[in-house]
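Enquirer:
Residue numbers (this note's numbering): 8 to 395.
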């Protein structure tokens, strides 16, 4: 269903519509790549160079779904991913870490929030012997495990991607590139992915200097508008908010945690949609949060912990998670969605949850926090637009 059924258009005609109006026609057999030059978006905050815009090209996810209509895009998204931390690593090189959920990690875009530096070098941000600071790193080869599981893109806008400084982040980017995985979230970075005739843009935001800062709403809206002007479908990820079992509700106003001002989740999500985002995916609280229907677009405020090998406490709400599956039309309009319930077992391995605890939790949280604007969650996890 197109967003026009829910009110006036949110933006000017999108990238694809403008191309058609100008007489351009993208006609290729199957899933194709739109070849783009790597460009810079300008200086990042603090004088650092902005990350390059990533070129669109076919990836494993699009190849698996080549038979789907070219004007429909399927997206799967998860919450926080940690992969252990050297020397506490999965015994089989993480080859079976996602075995219990791989069949649900399917879509043209499969997006996760990577909270582990993939590096064997770099100095930890934590002092020697610290018991209140946490830094996570795993071998660069673990990028291959993510690709094998089905991921096509990882968000690096979070508090752990810089655990081992710029060296660690650079090695992480190199590892993802070598595994043919896209990444997003550095200052000024827009990652593109081509799906048939539909061009997707993905942007990551977090309240940290090594990420696109979500606390600067004006700058965030400018970057989202830039993405909307050059893509058909825009997905925004936000890493923000307090953490832990007491942080399941989305407050009104800014959140503070561990001495950090972590932004206003509602204000940022609404600003992103107003600027052109078609889907907003949140993570960071390490617990599930509710789903809001805002101006014809879905906002998932937090998808919880997706994997956490011996890194995080997983009792209560922290051990319940979900995979968000969404289908959008070629202009970003809603078609259908589903929440696949997941629970973390043992040392933090994700498994499908037949008891559906995530479905019950997210339905209650959505209704409590968003009332008439809550996404309606059926007993089987099907997602429906708000009735209000």
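From the three backbone atoms N, C-alpha and C, an ideal C-beta is built for every residue, glycine too.
Quick check on this structure: which residue in 308, 148 and 116 has the alpha carbon closest to the alpha carbon of residue 205?
Expert: To locate residue 205, count along the chain shown from 1; it is residue 198. Of the listed residues, the one whose Cα sits closest to residue 205 is 116.
Enquirer: Mind checking who residue 88 pairs with in its DSSP beta bridge?
Expert: By 1-based counting over the chain shown, the position of residue 88 is 81. Note: residue 88 sits in a beta bridge opposite 121 and 314.
Enquirer: Give me the Cα-Cα distance between residue 392 and residue 343, rounded to the nearest whole angstrom.
Expert: Start at 1 with the first residue of the chain shown, and residue 392 comes out as number 385. Start at 1 with the first residue of the chain shown, and residue 343 comes out as number 336. Rounded to the nearest angstrom, the two C-alpha atoms are 9 angstroms apart.
Enquirer: For residue 265, does the three-state DSSP call read helix, strand or coil?
Expert: Indexing the chain shown from 1 puts residue 265 at position 258. In the structure shown, residue 265 sits in coil (DSSP, three-state: anything other than H, G, I, E or B).
Enquirer: If the criterion is Cβ atoms closer than 8 angstroms, does the pair residue 121 and residue 82 meet it?
Expert: To locate residue 121, count along the chain shown from 1; it is residue 114. To locate residue 82, count along the chain shown from 1; it is residue 75. Contact: no.
Enquirer: Quick one: give me the first and last residue of the beta strand (DSSP E) that residue 181 is part of.
Expert: As a first step, residue 181 is located in the chain shown; it is residue number 174 there, counting from the start. Unbroken run through residue 181 is the alpha helix (DSSP H), 172 to 185; no beta strand (DSSP E).
Enquirer: Who does residue 79 pair with in a DSSP beta bridge?
Expert: Numbered from 1 along the chain shown, position 72 holds the residue referred to as residue 79. Per DSSP, 336.
Enquirer: Using three-state DSSP, classify residue 127 as helix, strand or coil.
Expert: For the purposes of this step, residue 127 is taken as the residue at position 120 of the chain shown. It is coil, neither helix nor strand.
Enquirer: With three or more beta-carbon pairs closer than 8 angstroms as the criterion, would you say the segment 250 to 257 touches the segment 223 to 241?
Expert: Output reads no: the segment 223 to 241 does not touch the segment 250 to 257.
Enquirer: How long is the line joining the alpha carbons of residue 388 and residue 329, rounded to whole angstroms?
Expert: Translated into the one-based positions of the chain shown, residue 388 becomes position 381. Translated into the one-based positions of the chain shown, residue 329 becomes position 322. About 10 angstroms.
Enquirer: Give the straight-line distance between the Cα atoms of residue 242 and residue 299, rounded to the nearest whole angstrom.
Expert: In the chain shown, residue 242 corresponds to position 235, counting from 1. In the chain shown, residue 299 corresponds to position 292, counting from 1. Approximately 15 angstroms between the Cα atoms of the pair.
Enquirer: Going by DSSP, what residues sit across from residue 391 in a beta bridge?
Expert: Along the chain shown, read from residue 1 onward, the residue named residue 391 stands at position 384. In the DSSP output, where bridge partners are listed per residue, residue 391 has 383.
Enquirer: Using the rule of at least 16 other Cβ atoms within 10 Å of the residue's Cβ for burial, across every protein chain shown, is residue 353 buried or exposed?
Expert: Along the chain shown, one-based indexing puts residue 353 at 346. By the neighbour-count rule (16 or more Cβ atoms within 10 Å), residue 353 is not buried but exposed.
Enquirer: Would you say residue 314 and residue 90 are within 8 angstroms of each other, going by their C-beta atoms?
Expert: Here residue 314 refers to the residue found at position 307 when the chain shown is read from its first residue. Here residue 90 refers to the residue found at position 83 when the chain shown is read from its first residue. Contact flag set, yes.
Enquirer: Going by Cα to Cα distance, which pick from 294, 301 and 296 is closest to residue 274?
Expert: Mapped onto the chain shown, residue 274 falls at position 267. Of the candidates 294, 301 and 296, the one whose C-alpha sits nearest the C-alpha of residue 274 is 301.
Enquirer: Would the segment 145 to 158 count as touching the segment 89 to 106 if we require 3 or more Cβ pairs under 8 angstroms?
Expert: Contact between the segment 145 to 158 and the segment 89 to 106 is present, because at least three Cβ pairs lie under 8 angstroms.
Enquirer: Can you list, in chain order, the stretches of the alpha helix (DSSP H) that have 4 or more residues and sit fully within the segment 171 to 257?
Expert: Within the segment 171 to 257, the complete alpha helix (DSSP H) runs of at least 4 residues are 172 to 185 and 224 to 237.
Enquirer: In terms of residue numbering, what span does the alpha helix (DSSP H) encompassing residue 156 cover?
Expert: Your numbering for residue 156 matches position 149 in the chain shown. Segment 149 to 156, the alpha helix (DSSP H) holding residue 156.
Enquirer: Going along the chain, which residues of its own chain have a beta-carbon closer than 7 angstroms to the beta-carbon of residue 380, five neighbours each way excluded?
Expert: Along the chain shown, one-based indexing puts residue 380 at 373. Cβ neighbours of residue 380 beyond the five flanking positions: 299, 300, 301, 393 and 395.
Enquirer: From residue 219 to residue 258, what distance separates their C-alpha atoms?
Expert: Looking up residue 219 in the chain shown gives position 212. Looking up residue 258 in the chain shown gives position 251. Going from the Cα of residue 219 to the Cα of residue 258 covers about 22 angstroms.
Enquirer: Taking 8 angstroms as the cut-off, decide whether the C-beta atoms of residue 238 and residue 208 are in contact.
Expert: Taking the chain shown and counting its residues from 1, the one referred to as residue 238 is at position 231. Taking the chain shown and counting its residues from 1, the one referred to as residue 208 is at position 201. Cβ atoms of residue 238 and residue 208: closer than 8 angstroms.
Enquirer: Cα-Cα, which of 370, 339 and 293 is closest to residue 303?
Expert: As a working note, residue 303 is residue 296 in the chain shown. Out of 370, 339 and 293, 339 has the C-alpha closest to the C-alpha of residue 303.
Enquirer: For residue 356, is the classification buried or exposed, using 16 other Cβ atoms within 10 angstroms of its Cβ as the cut-off for buried?
Expert: For the purposes of this step, residue 356 is taken as the residue at position 349 of the chain shown. Buried, since its Cβ has 16 or more Cβ neighbours within 10 Å.
Enquirer: Taking Cβ positions only, does residue 383 come closer than 8 angstroms to chain C?
Expert: Annotation note: the requested chain C is absent from the structure, which comprises a single protein chain.
Enquirer: Can you tell me whether DSSP reads residue 377 as helix, strand or coil?
Expert: Your numbering for residue 377 matches position 370 in the chain shown. Residue 377 falls in the helix class under three-state DSSP.
Enquirer: Along the chain, where does the beta strand (DSSP E) containing residue 273 start, and where does it finish?
Expert: Within the chain shown, the letter at position 266 stands for residue 273. From DSSP, residue 273 is part of no beta strand (DSSP E) but of the alpha helix (DSSP H) over 272 to 282.
Enquirer: With H, G and I counted as helix, E and B as strand and the rest as coil, what does DSSP make of residue 289?
Expert: The sequence position of residue 289 within the chain shown is 282, counting from 1. Three-state result, residue 289: strand.
Enquirer: Look at the alpha carbon of residue 368 and the alpha carbon of residue 295, and state the distance between them as a whole number of angstroms.
Expert: Sequence index remark: in the chain shown, residue 368 carries index 361 (1-based). Sequence index remark: in the chain shown, residue 295 carries index 288 (1-based). Each residue's Cα considered, the two are about 8 angstroms apart.
Enquirer: Could you compute how far the alpha carbon of residue 127 sits from the alpha carbon of residue 216?
Expert: The count along the chain shown starts at 1 and reaches residue 127 at position 120. The count along the chain shown starts at 1 and reaches residue 216 at position 209. Approximately 23 angstroms, taken between the alpha carbons.
Enquirer: Which residues share a DSSP beta bridge with residue 162?
Expert: Along the chain shown, read from residue 1 onward, the residue named residue 162 stands at position 155. According to DSSP, which records beta bridges pairwise, residue 162 is partnered with 120 and 191.
Enquirer: Determine, using beta carbons only, whether residue 221 and residue 245 come nearer to each other than 8 angstroms.
Expert: To locate residue 221, count along the chain shown from 1; it is residue 214. To locate residue 245, count along the chain shown from 1; it is residue 238. Going by C-beta atoms, residue 221 is nearer than 8 angstroms to residue 245.
Enquirer: So residue 195 and residue 211 are in contact, right, with Cβ under 8 angstroms, and what is the actual spacing, rounded?
Expert: As a working note, residue 195 is residue 188 in the chain shown. As a working note, residue 211 is residue 204 in the chain shown. Residue 195 to residue 211, Cβ: 11 angstroms. No contact.
Enquirer: Using the Cα positions of residue 71 and residue 377, report the straight-line distance between them to the nearest angstrom.
Expert: Within the chain shown, numbered from 1, the residue matching residue 71 stands at position 64. Within the chain shown, numbered from 1, the residue matching residue 377 stands at position 370. With a pLDDT of only 37 at residue 71, under the threshold of 50, the placement of this residue in the model should not be trusted, and no figure is reported.
Enquirer: So, for residue 169: in the same chain, excluding its five sequence neighbours on each side, which residues have a beta-carbon less than 6 angstroms away from its beta-carbon?
Expert: Here residue 169 refers to the residue found at position 162 of the chain shown. For residue 169, where only same-chain residues beyond five positions count, the Cβ hits under 6 angstroms are 176 and 217.
Enquirer: Beta carbon of residue 129, beta carbon of residue 172: below 8 angstroms?
Expert: Locating residue 129 in the chain shown gives position 122, where the first residue counts as 1. Locating residue 172 in the chain shown gives position 165, where the first residue counts as 1. Yes, these two residues count as a Cβ contact at 8 angstroms.
Enquirer: Taking only the alpha-carbon atoms, compute the straight-line gap between residue 183 and residue 174 and give it to the nearest angstrom.
Expert: Position 176 of the chain shown, counted from the first residue, corresponds to residue 183. Position 167 of the chain shown, counted from the first residue, corresponds to residue 174. For residue 183 and residue 174, the distance between alpha carbons rounds to 14 angstroms.
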